[in-house]
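Numbering (our numbering), first residue to last: 32 to 127.
The beta-carbon is built from N, C-alpha and C at its ideal position, and this holds for glycine as well.
Written out below as structure tokens is the structure these notes cover.
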């Protein structure tokens, strides 16, 4: 949803995240497109976004979201999402 919704894209060049060579892009995503991550969203808010994509696999490695995604958040919030272990099975247990 983040990549599909990315607008006003700027190429920030190549950058390494750890040992992974990445394309580094920036742009804006409308808050509504982030509903799968947050459940609810503010309406019509442009979220400044940076994305790092592996040059080798073209998989997203990291996303940085700057801005108020939901109505009850404070301005200036920043989220950094790091993606690893693609296609590996994980076991998620509910807290007791």
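DSSP bridge partner residues for residue i (one or two, in chain order)
i          : result
residue 48 : 51
residue 60 : 78
residue 38 : 59
Beta-carbon proximity list for residue i, same chain, < 8 angstroms, skipping 5 on both sides
i           : result
residue 47  : 53
residue 131 : For residue 131 there is no data in the structure shown, the boundaries of the chain being 32 and 127.
residue 35  : 64
Alpha-carbon spacing of residue i relative to residue j, whole angstroms
i          : j           : result
residue 60 : residue 113 : 17 angstroms
residue 49 : residue 110 : 19 angstroms
Sequence-distant residues of the same chain with beta carbon closer than 7 angstroms to residue i, five excluded per side
i          : result
residue 43 : 55, 56, 57
residue 79 : 59, 97, 98
residue 38 : 58, 59
Cβ pair residue i, residue j closer than 8 angstroms
i          : j          : result
residue 82 : residue 99 : no
residue 64 : residue 32 : yes
residue 66 : residue 74 : no
Same chain, Cβ closer than 6 angstroms to residue i, five either side skipped, listed in chain order
i           : result
residue 128 : For residue 128 there is no data in the structure shown, the boundaries of the chain being 32 and 127.
Quick check on the DSSP output: what are the complete beta strand (DSSP E) runs of length 3 or more inside the region 65-122, in order along the chain? 77-85, 91-97, 109-113
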